[in-house]
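Before any comments, here is the structure.
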Amino acid sequence: MSDAEFAVCYRAEMPALVRHVMNQGAGEQEAVDAAQAAFAQAYQAWGTIQHPHAWLRTVATREYLRSASRGREVLADAGTLDGAVPGQVIGKIEFAGEEQAVLEALAGLPRRQREAMAWHFDGFSPAETAERLGTDPAAVRQSLARARRNLARRLGTTGKDTG
Amino acid sequence: MNGTRERGREGTVARASAAELDGLLYRAQAGILAKITSAVDLRAGLAAITAGFTAGFAVDERAAGSPADVEGQT
Numbered sequence: 352m353s354d355a356e357f358a359v360c361y362r363a364e365m366p367a368l369v370r371h372v373m374n375q376g377a378g379e380q381e382a383v384d385a386a387q388a389a390f391a392q393a394y395q396a397w398g399t400i401q402h403p404h405a406w407l408r409t410v411a412t413r414e415y416l417r418s419a420s421r422g423r424e425v426l427a428d429a430g431t432l433d434g435a436v437p438g439q440v441i442g443k444i445e446f447a448g449e450e451q452a453v454l455e456a457l458a459g460l461p462r463r464q465r466e467a468m469a470w471h472f473d474g475f476s477p478a479e480t481a482e483r484l485g486t487d488p489a490a491v492r493q494s495l496a497r498a499r500r501n502l503a504r505r506l507g508t509t510g511k512d513t514g
Numbered sequence: 007m008n009g010t011r012e013r014g015r016e017g018t019v020a021r022a023s024a025a026e027l028d029g030l031l032y033r034a035q036a037g038i039l040a041k042i043t044s045a046v047d048l049r050a051g052l053a054a055i056t057a058g059f060t061a062g063f064a065v066d067e068r069a070a071g072s073p074a075d076v077e078g079q080t
């Protein structure tokens, strides 16, 4: 695939990729850094990637988890890290009440539940998510059900899960 | 009969609550995406990648597993 196709993919996917990482508990700058690092790796391997939509999410999540384990103070100096690419956030993003509440509720979920919800929000079925996460669809469905119950409780909706 | 009616009511309440939760989650997700879209400088981000802010990735990829490994996982 060409540079032009990469550019189209970048413009179309970058915001959703940032959201995907934020849905897994990252702050906006962490998420932008992880997404940017994933795209930088994708650029080098562009001709070999068959499913960029899923590939980018897998790599961006891995980048976030790696940088989170290194510590936030290291991430703040990401421009000097080996392999890291500076992020491109303009200022602080101000999220509204519901948006902030949902991000905080997601951040409070166990990791598997956060992952399942993040892929679900991006339109992946339980079977597709299971394939990406190396688990089985029943486990993903169970994580989604538990996540929904937890989110309902945390967000103050009375929801019982229906499926 | 009362038990059946009660279960029916619980089912209705559960569906309403699930719809309420979905509404909240998807409204929030749409809002989050819109704000990220307006806050991230896509042109600068793309330029940074294509201009070569990628030095060091060869080393980094080996440490983390190659893109081919990731593709294999997916």
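Protein chains in written order, with our numbering: chain A, 352 to 514; chain B, 7 to 80.
Backbone N, C-alpha and C define an ideal beta-carbon position, used for all residues, glycine too.
Source: prediction; values computed, not measured.
- Sequence-distant Cβ neighbours of residue 32 of chain B in its own chain, meaning closer than 6 Å and more than five residues away, do not exist here.
- Contact annotation, residue 48 of chain B with residue 365 of chain A: C-beta distance approximately 6 Å; criterion of less than 8 Å satisfied.
- In this structure residue 36 of chain B does not touch residue 453 of chain A by the C-beta definition: roughly 11 Å separates them, more than the 8 Å allowed.
- The contact set of residue 454 of chain A on chain B, defined by CB atoms closer than 9 Å, consists of 34, 38 in chain order.
- Closest in alpha carbon position to residue 386 of chain A, among A:404, A:482, A:451, A:499, is A:404.
- Setting aside the 5 residues that flank it on each side, residue 447 of chain A has no residue in the same chain whose C-beta is closer than 7 Å to its C-beta.
- By the 16-neighbour rule on beta-carbons within 10 angstroms, residue 402 of chain A is exposed.
- Under the DSSP assignment, residue 501 of chain A falls in the alpha helix (DSSP H) whose first and last residues are 488 to 506.
- For residue 473 of chain A, the secondary structure class from DSSP, reduced to helix, strand or coil, is coil.
- Residues of chain B with a Cβ closer than 9 Å to the Cβ of residue 354 of chain A are, in chain order, 56.
- Comparing C-alpha distances from residue 443 of chain A to each of A:382, A:354, A:367 shows the shortest one belongs to A:382.
- Apart from sequence neighbours up to five positions away, the residues of its chain that approach residue 487 of chain A with a beta-carbon distance below 7 Å are 481, ordered along the chain.
- The C-beta of residue 370 of chain A comes closer than 9 Å to at least one C-beta of chain B.
- The beta carbon of residue 366 of chain A falls within 9 Å of a beta carbon belonging to chain B, placing the residue at that interface.
- Contact annotation for residue 361 of chain A against chain B: 48, 51, 52, 55 [CB-CB distance below 8 Å, chain order].
- Between residue 368 of chain A and residue 408 of chain A, the beta carbon gap of about 7 Å places them in contact (Cβ cut-off 8 Å).
- Its Cα nearest to that of residue 388 of chain A, the residue A:361 stands out among A:361, A:376, A:354.
- Residue 470 of chain A is not a Cβ neighbour of residue 462 of chain A, given a cutoff of 9 Å.
- If you check the CB distance, residue 501 of chain A and residue 458 of chain A do not come in under 9 Å.
- By the C-beta density criterion, residue 384 of chain A is buried, having at least 16 other C-beta atoms within 10 angstroms.
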